[in-house]
Every structure is written in structure tokens, then in C-alpha cells.
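Novice:
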Amino acid sequence: MPIIRDCAIWYGGYDLTSTANEVAIDSSFATVPVTTFADSGNVKNIAGIEDATVNVMTFLDPSISEPAITANRGGTIELLTACAFPTGGTVTAGDRVYAIRGLLKNFKDPMKVGDAARIDATLEAAQVEGLMQGMVLSPSTAVNSSGNGTSVSLGAQAAGQTVYFGVHVLAVSGNRTITAKLQSASSSGFGTPNDRVTLSSISAIGSGFGSSTTATTDANWRVSYTIGGSSGSLTFAAFAAIQ
């Protein structure tokens, strides 16, 4: 049985890992009764619409958790990605993640003399994909030139499935920009990469998100990124999920 020791949490353009103490992921589906006369008096139900929430408790850091959470009040939808079991305590490509594009439903900022200041936030799924379970394509990485991430065996995308691609830009210095692509290939060596999702250029801390409904037998996936600008560096993290 694994013991929670390390967890990476990226929210929009902020890395909450150093301030967060607890994260709780809750996914539930409505129960829809579909009992018919032919069921001989036995109840039959199917799963309805998913309702997913993520609760995060962070200690209040005026430079990280406070602007990350309070800036999204009033209806802003933002991407949150959590890696619950980083390999050896360090997030690496292929680690499992949960991600959600959530609406900041509420947050609490309890203040009591003698207690550590904290912010408790609840995000509720606000987009059609709901809660995503996927893999890290790139951990939080500082770059100043274009390149490719590590090949990850996420598996094939069957007909009717969607592949989702998310990027968190966590720091930008100078005039750097990033244009990120999700690529797939039939082999881990990516001899012939296929561009699946291309995000718009990002030049400030924040997030990018895209998807593709085109099925493929390719089982290998990676992030490919083009870094623009002439000075400084940029730190980003990326994931993909198929469902």
C-alpha cells in the first residue's frame, strides 16, 4: 500500500507543490434509473453525468498560492494537474496524473491567531472532458531552446476516444515564448512523428489546452516544443490523457 509522501500540483501558471499540504480528487456519476417492465421487478441503473471536484489545501504564500487562487475568482476556468506518486519523489515522464479544467467553486482563507495561514480551494469540473487520468509528458523543466520530450507509452487512441493535451507555463524570463505540440508515433524512437495537437504560442505564465478526436494505433506520445525569443528561459510541464 503506497504512502503519500510526494505530490506535484500545477495550477495554471503556478507550481503549488511547495505550498500544498493536501489534495483530494472526487469523481462521481449520477445514478439514472432505466428499469423497464421486462426487468421483472428488478432495479436497473446506468451511470449518468460525471461530477468531479478537486480540493486543494495550501499554506498561504503571498507569491504562489495567494495569487494563484484568488486571481481565479469570479468564474475563471483554469487547468489543474496533480501527480500523486512521483517516481522516487521526483516527477518524471510517464508518471500518472489527474487533471481537470475546473471552475474555482469556492475558497476559504481561515485566519486564527497562532495558526499557519492557509487557503482551502475547491475546483469543480467545468468542461466536457471532466476529470482526466493520463501521464506526464514533461515534468517541470526549464528550457531556452526548442526540443522534444521523452517518449511515453500512453497507448493507442481508439475510435470514439479523445486525446487531451495540457501545458503549464510556470516561469518566463526575458522574451521567451513556447509553442507546444502533442505528437504520436508507432515506435518509441519517433522516426516518423505525427502532429496531433498544436497549441497557440504562450508568452506568459499560464496554461494551454487542446484535444483531438482522430483515432490512431500509435502507442507512443511526446511533447515537442518550439522556443521563441532571444533571451531568458521558460519553465513548463505537460501531460496527455486518452479517454
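Residue numbering for the sequence shown follows the numbering used here, starting at 583 and increasing by one per position. Even glycine gets a Cβ: it sits at the ideal position worked out from N, Cα and C. These figures come from a predicted structure and were not determined experimentally.
1. When you compare only the Cα positions, how much space is there between residue 785 and residue 777?
2. Using C-beta distances below 7 angstroms, list every residue in its chain close to residue 630, excluding the 5 sequence neighbours before and after it, in chain order.
3. Tell me where the alpha helix (DSSP H) around residue 651 begins and ends.
4. Tell me the rounded alpha-carbon separation between residue 766 and residue 683.
5. In three-state DSSP terms, what is residue 818?
6. Note down the Cα distance separating residue 730 from residue 723, rounded to an integer number of angstroms.
7. Considering only the alpha carbon of each residue, which of 689, 627 and 670 lies closest to residue 654?
8. Could you give the DSSP three-state label for residue 707: helix, strand or coil?
9. Does DSSP classify residue 620 as helix, strand or coil?
10. Measure the Cβ-Cβ separation of residue 725 and residue 816 and say whether it is below 8 angstroms.
11. Relative to the alpha-carbon of residue 822, which residue among 790, 810 and 814 has its alpha-carbon at the smallest distance?
12. Would you please state the rounded distance, in angstroms, between the beta carbons of residue 634 and residue 707? I believe it to be under 8 angstroms.
13. By Cβ distance below 7 angstroms, which residues in the same chain neighbour residue 597 in space, the five residues on each side in sequence not counted?
14. Measuring CB to CB, does residue 679 end up less than 8 angstroms from residue 663?
15. Pull up the DSSP beta-bridge partners for residue 757, would you.
16. Between 824, 589, 590 and 592, which lies nearest to residue 711 when the distance is taken from Cα to Cα?
17. Taking all protein chains shown into account, decide if residue 720 is buried (16 or more other Cβ within 10 angstroms of its Cβ) or exposed.
18. So, helix, strand or coil for residue 683, using DSSP?
19. So, does the stretch 644 to 654 touch the stretch 737 to 744, judging by three or more C-beta pairs under 8 angstroms?
20. Going straight from the alpha carbon of residue 734 to that of residue 694, what length do you get?
21. Compare the beta carbon distance of residue 811 and residue 773 with 8 angstroms and say whether it is the shorter of the two.
22. With 16 other CB atoms within 10 Å as the buried threshold, where does residue 606 fall?
23. Which same chain residues end up closer than 6 angstroms to residue 806 when comparing Cβ atoms and leaving out the 5 residues on each side of it in sequence?
24. If you drop the 5 nearest sequence neighbours on each side, which residues of the same chain put their C-beta closer than 6 angstroms to that of residue 703?
25. Tell me, which residues are paired with residue 661 by DSSP?
26. In terms of alpha-carbon separation, which member of 619, 621 and 745 lies closest to residue 798?
Specialist: Taking the definition as stated:
1. By one-based count along the sequence shown, residue 785 stands at place 203. By one-based count along the sequence shown, residue 777 stands at place 195. Cα to Cα, the separation comes out at about 22 angstroms.
2. Position 48 of the sequence shown, counting from 1, holds the residue named residue 630. Excluding positions up to five away in sequence, the list reads 611, 612, 613 and 614.
3. Stepping through the sequence shown from its first residue, residue 651 is reached at position 69. Per DSSP, residue 651 belongs to the alpha helix (DSSP H) from 647 to 652.
4. Numbered from 1 along the sequence shown, position 184 holds the residue referred to as residue 766. Numbered from 1 along the sequence shown, position 101 holds the residue referred to as residue 683. Distance between the alpha carbons of residue 766 and residue 683: 23 angstroms.
5. For the purposes of this step, residue 818 is taken as residue 236 along the sequence shown, with counting starting at 1. In this structure, residue 818 counts as strand in the three-state DSSP scheme.
6. Taking the first residue of the sequence shown as 1, we reach residue 730 at position 148. Taking the first residue of the sequence shown as 1, we reach residue 723 at position 141. Their Cα atoms are separated by approximately 12 angstroms.
7. As a first step, residue 654 is located in the sequence shown; it is residue number 72 there, counting from the start. Considering only alpha carbons, the answer is 689.
8. As a position in the sequence shown, residue 707 is number 125, starting the count at 1. DSSP places residue 707 in strand when its eight states are reduced to three.
9. Counting from one through the sequence shown, the residue named residue 620 turns up at place 38. The answer is helix: DSSP assigns residue 620 an H, G or I state.
10. The count along the sequence shown starts at 1 and reaches residue 725 at position 143. The count along the sequence shown starts at 1 and reaches residue 816 at position 234. The answer is yes: Cβ separation under 8 angstroms.
11. In the sequence shown, counting from the first residue as 1, residue 822 sits at position 240. Per the Cα distances, 790.
12. Numbered from its first residue, the sequence shown carries residue 634 at position 52. Numbered from its first residue, the sequence shown carries residue 707 at position 125. With a Cβ gap of about 4 angstroms, residue 634 and residue 707 count as contacting.
13. As a working note, residue 597 is residue 15 in the sequence shown. Once the five neighbours on either side are set aside, the close Cβ partners of residue 597 are 722 and 752.
14. For the purposes of this step, residue 679 is taken as residue 97 along the sequence shown, with counting starting at 1. For the purposes of this step, residue 663 is taken as residue 81 along the sequence shown, with counting starting at 1. Against a cut-off of 8 angstroms, the Cβ pair of residue 663 and residue 679 comes out as a contact.
15. Your numbering for residue 757 matches position 175 in the sequence shown. In DSSP, residue 757 forms no bridge with anything.
16. Within the sequence shown, residue 711 is the residue found at index 129, counting from 1. The shortest C-alpha separation from residue 711 is found at 824.
17. Reading the sequence shown from its first residue, position 138 is the one you call residue 720. Classification for residue 720: buried.
18. Stepping through the sequence shown from its first residue, residue 683 is reached at position 101. Note: residue 683 maps to strand in three-state DSSP.
19. no
20. For this step, residue 734 is matched to residue 152 along the sequence shown. For this step, residue 694 is matched to residue 112 along the sequence shown. Distance between the alpha carbons of residue 734 and residue 694: 46 angstroms.
21. Within the sequence shown, residue 811 is the residue found at index 229, counting from 1. Within the sequence shown, residue 773 is the residue found at index 191, counting from 1. Going by C-beta atoms, residue 811 is not nearer than 8 angstroms to residue 773.
22. The sequence position of residue 606 within the sequence shown is 24, counting from 1. Classification for residue 606: exposed.
23. What you label residue 806 is simply residue 224 of the sequence shown in a count that begins at 1. Only 730, 763 and 765 meet the Cβ criterion.
24. Within the sequence shown, the letter at position 121 stands for residue 703. Here the set comprises 638, 651 and 689.
25. Here residue 661 corresponds to residue number 79 of the sequence shown, with the count starting at 1. Answer is 683.
26. By 1-based counting over the sequence shown, the position of residue 798 is 216. Measuring from the Cα of residue 798, the nearest candidate turns out to be 745.
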